[in-house]
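J.:
In the numbering used here, the protein residues as written are 12 to 198.
#1: Compare the Cα-Cα distances from residue 116 to each of 129, 136, 143 and 87 and report the closest residue.
#2: Please name the residue in 44, 104 and 30 whose C-alpha comes closest to that of residue 124.
#3: Would you mind working out which of 110, 30 and 81 sits nearest residue 91, comparing C-alpha positions?
#4: Would residue 183 and residue 141 qualify as a contact pair, given that the criterion is a beta-carbon distance under 8 angstroms?
#5: Which complete beta strand (DSSP E) runs does the region 85-171 hold, if anything under 3 residues is left out?
#6: Just the C-alpha distance for residue 114 and residue 155, rounded to the nearest angstrom, thanks.
#7: Distance check for residue 32 and residue 161, CA to CA, integer angstroms please.
#8: Nearest by alpha-carbon distance to residue 185: which of 158, 122 and 112 is it?
#9: Need the endpoints of the alpha helix (DSSP H) that residue 74 sits in, please.
#10: Kindly list the residues whose CB is nearer than 7 angstroms to the CB of residue 147, restricted to its own chain and excluding five residues on each side of it in sequence; keep chain order.
#11: Whole angstroms is fine: what's the gap from residue 145's alpha carbon to residue 189's?
#12: Is the Cβ-Cβ distance between residue 150 and residue 42 less than 8 angstroms?
#13: Between the alpha carbons of residue 121 and residue 72, how many angstroms are there, rounded?
#14: Please report the straight-line C-alpha distance between residue 14 and residue 67, rounded to a whole angstrom.
#15: Would you mind stating whether residue 69 and residue 108 have Cβ atoms separated by less than 8 angstroms?
#16: Apart from the five residues just before and just after residue 139, which ones in its own chain have a Cβ nearer than 7 angstroms to its Cβ?
#17: Alpha carbon to alpha carbon, how far is residue 34 from residue 157? Give it in angstroms, no decimals.
#18: Taking the alpha-carbon of residue 47 as reference, which of 193, 192 and 159 has the nearest alpha-carbon?
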């Protein structure tokens, strides 16, 4: 069974799960998959947005209702947790919208926000808009990255394209992380 067959058969559920677990790398790879024509771009973007949305809702609800659970206690001990709360206190709506764009804050932030007074309904609305925005940006980046690979190397076999995509997505994610960390330290 080829990689494309596996993706065609399990693609959207796998993309949904990967976006919730991994984040940027999964979203960029999903865009590359859409570029290859294996799955349609709109469906890929929706799967990525929903995966991110559901994961962040779960983490928020863990922070809200399971503060004494091991996962929440473990995350609250991390330095990013206190920093997330401090940033949330300065600009609650902006931080709630933007945490997924800042490397290192993706998992800890919704848990931290869940421990605040922000209502579940308000988080749900902000999270939905942010997840859709984030998904469109990163899936589009992967899609356009696919154009770049094709321009450089021509149409590759699916396995080679996937490996090139993994390397490229990793490079994009690493570059984005380094840029965000540098930008964050300036603030």
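Even glycine gets a Cβ: it sits at the ideal position worked out from N, Cα and C.
T.: The relevant details are as follows:
#1: 87
#2: 104
#3: For the residues 110, 30 and 81, the minimum Cα distance to residue 91 belongs to 110.
#4: The Cβ atoms of residue 183 and residue 141 lie no closer than 8 angstroms to each other.
#5: none
#6: 22 angstroms
#7: 28 angstroms
#8: 112
#9: Per DSSP, residue 74 belongs to the alpha helix (DSSP H) from 52-76.
#10: The answer, listed in chain order, is 56.
#11: 18 angstroms
#12: yes
#13: 8 angstroms
#14: Because the pLDDT at residue 14 is just 43, under 50, the model does not fix this residue reliably, and the point stays unresolved.
#15: With contacts defined by Cβ atoms closer than 8 angstroms, residue 69 and residue 108 do not form a contacting pair.
#16: 64
#17: 18 angstroms
#18: 159
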